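Accompanying notes for the structure given below.
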Amino acid sequence: MFFTGSGSECNDTVVRMVRHYWTSLGKPNKQTIISRKNAYHGSTMAGASLGGMAFMHAQGGLPLPNITHIDQPYHFGEGQGMDANEFGLERARQLEAKILELGEENVAAFIAEPIQGAGGVIIPPDSYWPEIQRICDKYEILLIADEVICGFGRTGEWFASQTYNIKPDLMCMAKGITSGYLPLGGVMVRDHVAKVLTDADTEFAHGFTYSGHPAACAVAIANIKEMQNRNIINQLREDTAPYFASRWSELLEHPMVGEARTKGLVGAIELVKDKQTNERYHKDLDVGTRCRENCFNSGVVLRAVGDTMICSPPLIITRDEIDEFIEKAKLALDKTLADVSQ
Ligand SMILES: *Cc1c(COP(=O)(O)O)cnc(C)c1O
259 MFFTGSGSEC
269 NDTVVRMVRH
279 YWTSLGKPNK
289 QTIISRKNAY
299 HGSTMAGASL
309 GGMAFMHAQG
319 GLPLPNITHI
329 DQPYHFGEGQ
339 GMDANEFGLE
349 RARQLEAKIL
359 ELGEENVAAF
369 IAEPIQGAGG
379 VIIPPDSYWP
389 EIQRICDKYE
399 ILLIADEVIC
409 GFGRTGEWFA
419 SQTYNIKPDL
429 MCMAKGITSG
439 YLPLGGVMVR
449 DHVAKVLTDA
459 DTEFAHGFTY
469 SGHPAACAVA
479 IANIKEMQNR
489 NIINQLREDT
499 APYFASRWSE
509 LLEHPMVGEA
519 RTKGLVGAIE
529 LVKDKQTNER
539 YHKDLDVGTR
549 CRENCFNSGV
559 VLRAVGDTMI
569 CSPPLIITRD
579 EIDEFIEKAK
589 LALDKTLADV
599 SQ
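For the sequence shown, the residue numbers in this note's numbering are 259 to 600.
Okay, here's the thing in structure tokens:
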């Protein structure tokens with residue numbers, strides 16, 4: 259584990275780690291990192307470069323060299339009319355096509371969030387991750403899971419890599435490691451990589467003053483113990499998340515909701531003008547932003563990513579609180595529909 263102070267620092271760290279790893283093994287050309295459009299990996303130079311958000315690349319001369327992006331597995335947004343699993347396979351196979359295009363000898367790693375968070379809670383089709391894993395196993399490239407949102411229980415396991423049966427070589431974590439009470443992040447590194455990075459001849463020259471800060475680490479330990487003592491993840495997996503999924507799916511009955519999806523305790527709804535065709539509202543109407551304002555005014559926190567409304571409730575939310583959450587979200591949707599109908 260290499261400790262950092264944030265998720266962004268984790269992602270800056272993995273760029274140097276994987277490139278240095280391959281250079282140490284005598285393969286200095288293996289430098290390119292493949293990521294995905296609309297990914298979010300933080301706001302530092304490497305974090306924002308790995309991220310696939312064009313509006314972030316436009317600020318500050320990004321992306322850094324030798325970082326490239328394939329399409330995301332966003333079925334509702336980009337795969338309408340196609341079977342979800344077929345779409346998932348197609349998107350995963352873009353990784354293979356990109357590796358072959360660049361040449362395996364030039365590719366260091368693939369990085370991805372198991373579920374894209376800031377990009378709009380994009381839950382990949384079931385076919386996606388097994389195919390990505392197959393491709394990473396077939397070619398000699400490292401797999402980096404950015405677990406900054408998904409880690410520490412969010413999907414009903416400690417890590418979403420367990421939920422999706424992913425075997426990452428490196429794993430970035432932050433946020434939930436302390437439940438946000440103090441800043442702490444870390445890159446967990448599989449033994450075969452760690453061995454190279456700690457070899458005396460090629461030792462990795464990387465360190466932050468606040469790496470492993472004792473106060474932040476004490477908070478992380480207290481947080482993890484509390485999660486274990488209260489059995490929070492089992493409770494979430496066995497009860498809270500299924501209940502949340504069933505109540506969240508009711509939002510699909512609303513006239514302006516084209517899709518409602520959840521995994522564990524993250525959820526998204528897609529706002530549409532026409533449920534038959536899933537046609538979006540004109541972007542000048544800023545329907546997502548209006549909906550967000552109506553949510554805040556109704557006492558519920560949903561974030562707008564374009565016209566996708568996303569949420570990430572506390573892991574300890576109760577059934578009663580979920581009921582309240584859904585009722586308030588419905589009110590906010592009604593208010594938004596009334597606003598845009600005017
Ligand atoms: C929040 C986030 C980051 C950045 O973490 P910071 O602590 O804000 O630097 C990186 N990756 C993912 C997936 C995130 O959600």
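Note that CB positions come from ideal geometry on N, CA and C, so glycine has one too.
Small disclaimer: the values here were computed from a predicted structure and weren't measured.
Exercise for the section: Inspect the beta-carbon positions of C268 and C430 and report whether they are closer than 9 Å. Expected result: Within the sequence shown, numbered from 1, the residue matching residue 268 stands at position 10. Within the sequence shown, numbered from 1, the residue matching residue 430 stands at position 172. Contact flag set, yes.
Problem - Distance between N536 and V545 (C-alpha atoms, nearest Å) - result: Position 287 of the sequence shown, counted from the first residue, corresponds to residue 545. Position 278 of the sequence shown, counted from the first residue, corresponds to residue 536. Their backbone Cα atoms lie some 14 Å apart in a straight line.
Problem - 8 Å CB neighbourhood of M303 in its chain, flanking five on each side removed - result: Counted from its first residue, the sequence shown places residue 303 at position 45. Only D270, G318, L320, L322 meet the Cβ criterion.
Handout entry: Start and end residues, beta strand (DSSP E) containing I490
Key = By one-based count along the sequence shown, residue 490 stands at place 232. No beta strand (DSSP E) holds I490; the alpha helix (DSSP H) holding it covers 490-493.
Practice task
Buried or exposed for D565, please, with buried defined as at least 16 other CB atoms from any protein chain shown within 10 angstroms of its CB.
Solution key: Within the sequence shown, residue 565 is the residue found at index 307, counting from 1. When all chains shown are included, D565 counts as buried.
Problem - Distance between A403 and M446 (C-alpha atoms, nearest Å) - result: Counting from 1 along the sequence shown, the entry for residue 446 is found at position 188. Counting from 1 along the sequence shown, the entry for residue 403 is found at position 145. Rounded to the nearest angstrom, the two C-alpha atoms are 10 Å apart.
Problem - Own chain residues within Cβ distance below 6 Å of L400, not counting five before or after - result: The sequence position of residue 400 within the sequence shown is 142, counting from 1. Once the five neighbours on either side are set aside, the close Cβ partners of L400 are V276, A367, D427.
Practice task
Report yes if the C-beta of V406 is less than 8 Å from at least one heavy atom of ligand 1; otherwise report no.
Solution key: Looking up residue 406 in the sequence shown gives position 148. At least one heavy atom of ligand 1 is nearer than 8 Å to the Cβ of V406, so yes.
Handout entry: Proximity of I380 and I369 at Cβ, strictly below 9 Å
Key = Taking the sequence shown and counting its residues from 1, the one referred to as residue 380 is at position 122. Taking the sequence shown and counting its residues from 1, the one referred to as residue 369 is at position 111. No, Cβ-Cβ distance for I380 and I369 is not below 9 Å.
Practice task
Pick out the complete beta strand (DSSP E) segments inside the stretch 424-452, 3 residues or longer, and give them in chain order.
Solution key: 428-431, 443-447
Handout entry: P441 CB to nearest heavy atom of ligand 1 below 8 Å
Key = Residue 441 sits at position 183 when you count from the first residue of the sequence shown. The answer is yes for P441.
Practice task
Would you mind reading off the limits of the beta strand (DSSP E) that contains E517?
Solution key: Taking the first residue of the sequence shown as 1, we reach residue 517 at position 259. Run containing E517: 515-521, per the beta strand (DSSP E) assignment.
Problem - Pick from V524, F462, K356, A342 that is closest to R412, judged by C-alpha positions - result: As a first step, residue 412 is located in the sequence shown; it is residue number 154 there, counting from the start. Checked all of V524, F462, K356, A342; the closest Cα to R412 is V524.
Problem - Classification of A297 by the beta-carbon crowding that lies within 10 angstroms, buried from 16 upward - result: Along the sequence shown, one-based indexing puts residue 297 at 39. By the 10 Å Cβ count, A297 comes out buried.
Practice task
Spatial neighbours of S315 within its chain, please: CB distance less than 6 Å, with the 5 preceding and 5 following residues excluded, ordered by chain position.
Solution key: As a working mapping, residue 315 is identified with position 57 in the sequence shown. It should be pointed out that residue 315 corresponds to His in this sequence rather than to Ser. Closer than 6 Å at the Cβ level, and outside the excluded window around H315, lie P321.
Practice task
Can you tell me which of T436, S307, W506 puts its alpha carbon nearest to the alpha carbon of V477?
Solution key: Walking along the sequence shown from the start, residue 477 turns up at place 219. Closest by alpha carbon: T436.
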